[in-house]
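Notes to accompany the following structure.
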Amino acid sequence: MERAEKQRNDRVNAAITSHETAPKSDSVDAREVANFEAIADAWWDPQGKFRPLHQINPVRLGFIRDHLARHFERDPLQPNPLAGLRILDIGCGGGLLSEPLARLGADIAGIDFGKRNIEIARHHAEAVGLTIDYRVTTAEALAAEGDRFDAVLNMEVIEHVTNPANFLGSCAALVKADGAMVVATLNRTIKSYLLAVIGAEYVLNWLPKGTHNWQKFLKPSEVAGYLRPHGFTFEDLSGVLYDPLQDAWRLSRRVDVNYMAFATRKNPST
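Structure (structure tokens):
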């Protein structure tokens, strides 16, 4: 166990060094990126380090599909309900969410600051015959280029950045006037500390120790407050609850641990 932990720490430190010459960003935390790059080879192992993401993915996908279909006046049950929509998956990792969205017809761009993550994502997409635009870049850099999308996804990303207000500002700039944003993250509560940090990392060993910093967790009101100056309001806020009896995740009214928000602009002309 100690040897495995040392090897992981060595990979983390190597990844941090590799980012020292990368484009600067006021929201990217090099150590956070390195933590995920250190276990990047496990992205597509459903029983590996990313097992929780594999398990929660159907819930995330259904939430995104249903809300985007409703927003853009589509039938969520048709074969390709997201056809023609350009969607940006920020912090896409190995592509666990990008790929099923592409299968729903969306034109997907996935960005991540971790080079190894993007390598894994590109290789897997090619292996399964999907065309996805994966790039090693940041939301800030993409916004500066003037790129715009019908929908921007921030799924379990904001709790890993250094400046959430600036980060969400860049994300908002990437959304078209009539577009939408989906944010998934962890609430900063005692319960989330006990379950998402102590339980998931130290008791159940679902995630490597140090994956989450509880102080970076955000309350829904804080996320809403960061988005409000950019004209966004929450249309829906839903909790995501783990059911140990079913060993599965489901939507819930409780938002005291994991939650997802669907946000649109109050005035599409802004």
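Sequential numbering of the sequence shown, starting at 12, is according to the working numbering. We put the beta carbon where it would ideally sit given N, CA and C, even for glycine. From a predicted model like this one, the values you see are computed outputs, not experimental measurements.
Whole-angstrom distance between residue j and residue i, CA atom to CA atom
{"i": "E31", "j": "D123", "result": "Note on E31: pLDDT 40, under 50, position unreliable in the model; no value is reported."}
{"i": "R276", "j": "E246", "result": "10 angstroms"}
{"i": "T173", "j": "N224", "result": "11 angstroms"}
{"i": "E84", "j": "H78", "result": "10 angstroms"}
{"i": "F160", "j": "A154", "result": "10 angstroms"}
{"i": "A150", "j": "S263", "result": "30 angstroms"}
{"i": "P69", "j": "L107", "result": "10 angstroms"}
{"i": "Q89", "j": "A80", "result": "10 angstroms"}
{"i": "G210", "j": "T222", "result": "12 angstroms"}
{"i": "A113", "j": "G105", "result": "14 angstroms"}
{"i": "A257", "j": "F47", "result": "It should be pointed out that residue 257 corresponds to Gln in this sequence rather than to Ala. Straight-line Cα distance between these residues: approximately 28 angstroms."}
{"i": "Q58", "j": "L164", "result": "25 angstroms"}
{"i": "L96", "j": "R76", "result": "11 angstroms"}
{"i": "H241", "j": "F74", "result": "23 angstroms"}
{"i": "V44", "j": "G125", "result": "6 angstroms"}
{"i": "I67", "j": "E156", "result": "33 angstroms"}
{"i": "Q226", "j": "M166", "result": "18 angstroms"}
Sequence-distant residues of its chain with Cβ nearer than 8 angstroms to residue i (five each side left out)
{"i": "D267", "result": "N198, T200, K202, S203 and G250"}
{"i": "S109", "result": "D100, C103, I119, G121, A132, A136, I143 and Y145"}
{"i": "D254", "result": "W260 and R261"}
{"i": "P231", "result": "N198, F245, L248, V266, Y270 and A272"}
{"i": "L252", "result": "W260, R261, L262, S263, R265, V268 and N269"}
6 angstroms Cβ shell around residue i - same chain, five flanking residues per side excluded
{"i": "A94", "result": "G116"}
{"i": "L72", "result": "P111"}
{"i": "I129", "result": "D123, Y145 and V147"}
{"i": "P87", "result": "R76, D77 and A80"}
{"i": "H82", "result": "A191"}
Helix, strand or coil at residue i [DSSP, three-state]
{"i": "K202", "result": "helix"}
{"i": "L64", "result": "helix"}
{"i": "D52", "result": "helix"}
{"i": "L218", "result": "coil"}
{"i": "G210", "result": "helix"}
{"i": "N224", "result": "coil"}
{"i": "L185", "result": "coil"}
{"i": "A33", "result": "Residue placement at A33 is flagged as unreliable, the pLDDT there being 47, under the threshold of 50; the coordinate-derived value follows with that caveat. In the structure shown, A33 sits in coil (DSSP, three-state: anything other than H, G, I, E or B)."}
{"i": "G190", "result": "strand"}
{"i": "V70", "result": "helix"}
{"i": "M271", "result": "strand"}
{"i": "V163", "result": "strand"}
Closer than 8 angstroms to chain D by CB, residue i
{"i": "G106", "result": "Reference to chain D is not applicable here, since this structure consists of a single protein chain."}
Same chain only: Cβ atoms within 7 angstroms of residue i, ignoring 5 sequence neighbours per side
{"i": "Y237", "result": "P175, A176 and L179"}
{"i": "F243", "result": "A183, M192, A274, T275 and R276"}
{"i": "L229", "result": "I169, E170, P175, T196 and R199"}
Cβ distance (whole Å) where residue i is taken to contact residue j below 8 angstroms
{"i": "D40", "j": "H134", "result": "With 8 angstroms as the limit, D40 and H134 do not qualify as a contact, their Cβ atoms being about 25 angstroms apart."}
{"i": "I50", "j": "P219", "result": "6 angstroms"}
Closer than 7 angstroms: residue i CB and nearest the ligand FAD heavy atom
{"i": "A274", "result": "With respect to the ligand FAD, the structure offers nothing, as it holds no ligand at all."}
In chain order, which continuous runs of the beta strand (DSSP E) of length 3 or greater are located wholly inside the stretch 227 to 268? 243 to 254 and 259 to 263
Suppose only complete runs of 4+ residues qualify. What are the alpha helix (DSSP H) ranges in the stretch 78 to 159, listed by chain order? 109 to 114, 126 to 138 and 150 to 155
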